[in-house]
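So the sequence shown is numbered by this note's numbering: it starts at 43 and just counts up by one.
Okay, structure first, notes after.
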Amino acid sequence: QVHLVESGGGLVQPGGSLRLSCAASGFTFSNYVMSWYRQAPGKERELVAAITPGGTTNYADSVKGRFTISRDNAKKSVYLQMNNLKPEDTAVYYCRGNYYSAYWGQGTQVTVSS
Numbered sequence: 043q044v045h046l047v048e049s050g051g052g053l054v055q056p057g058g059s060l061r062l063s064c065a066a067s068g069f070t071f072s073n074y075v076m077s078w079y080r081q082a083p084g085k086e087r088e089l090v091a092a093i094t095p096g097g098t099t100n101y102a103d104s105v106k107g108r109f110t111i112s113r114d115n116a117k118k119s120v121y122l123q124m125n126n127l128k129p130e131d132t133a134v135y136y137c138r139g140n141y142y143s144a145y146w147g148q149g150t151q152v153t154v155s156s
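As structure tokens, then:
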């Protein structure tokens with residue numbers, strides 16, 4: 043059975059940092075493109091960052107230079123280091139794995155507020 047479990051969300055002040063983690067099981071993690079998406083209230087879900095099995099990354103323009111995606115294939119985990127957080131980064135963050143099939147986690151809330 044496939045599981046993607048996110049953790050690390052929370053409340054942080056503007057300018058602060060958070061590190062999100064996503065632990066995967068039930069599929070061949072190393073074959074999958076892993077991504078982080080986010081969805082703010084009243085908005086569509088959007089791609090934040092993605093990383094290929096080989097480690098190539100891409101980022102939404104809004105987070106370039108502030109967020110870093112990484113993966114550990116041995117631990118079947120993907121991470122999102124978020125620095126210099128802004129109130130507009132407030133959203134539920136979702137982990138996604140995509141290869142022949144696409145899998146989603148349940149999401150973790152990130153709130154950036156003073």
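The beta carbon of each residue, even a glycine, is placed where N, CA and C say it ideally should be.
### Query
Are there three or more Cβ pairs, one per stretch, closer than 8 Å when the region 105 to 118 is compared with the region 133 to 140?
With the cut-off at 8 Å, the region 105 to 118 and the region 133 to 140 do not touch.
### Task
Pick out the complete beta strand (DSSP E) segments inside the region 96 to 140, 3 residues or longer, and give them in chain order.
Entirely contained in the region 96 to 140, the beta strand (DSSP E) runs reaching 3 residues are, in chain order, 99 to 101, 109 to 114, 119 to 124 and 133 to 140.
### Message
Taking 8 Å as the threshold (C-beta atoms), are A66 and G139 in contact?
### Response
Translated into the one-based positions of the sequence shown, residue 139 becomes position 97. Translated into the one-based positions of the sequence shown, residue 66 becomes position 24. Less than 8 Å separates the beta-carbon of G139 from that of A66.
### Message
Quick check: the Cα distance between T153 and L89, rounded to an integer number of angstroms?
### Response
Position 111 of the sequence shown, counted from the first residue, corresponds to residue 153. Position 47 of the sequence shown, counted from the first residue, corresponds to residue 89. So the two alpha carbons sit approximately 18 Å from each other.
### Task
Determine the contact status of T150 and G58, defining contact as a CB-CB distance below 8 Å.
Residue mapping note: residue 150 aligns to position 108 of the sequence shown, counting from 1. Residue mapping note: residue 58 aligns to position 16 of the sequence shown, counting from 1. With contacts defined by Cβ atoms closer than 8 Å, T150 and G58 do not form a contacting pair.
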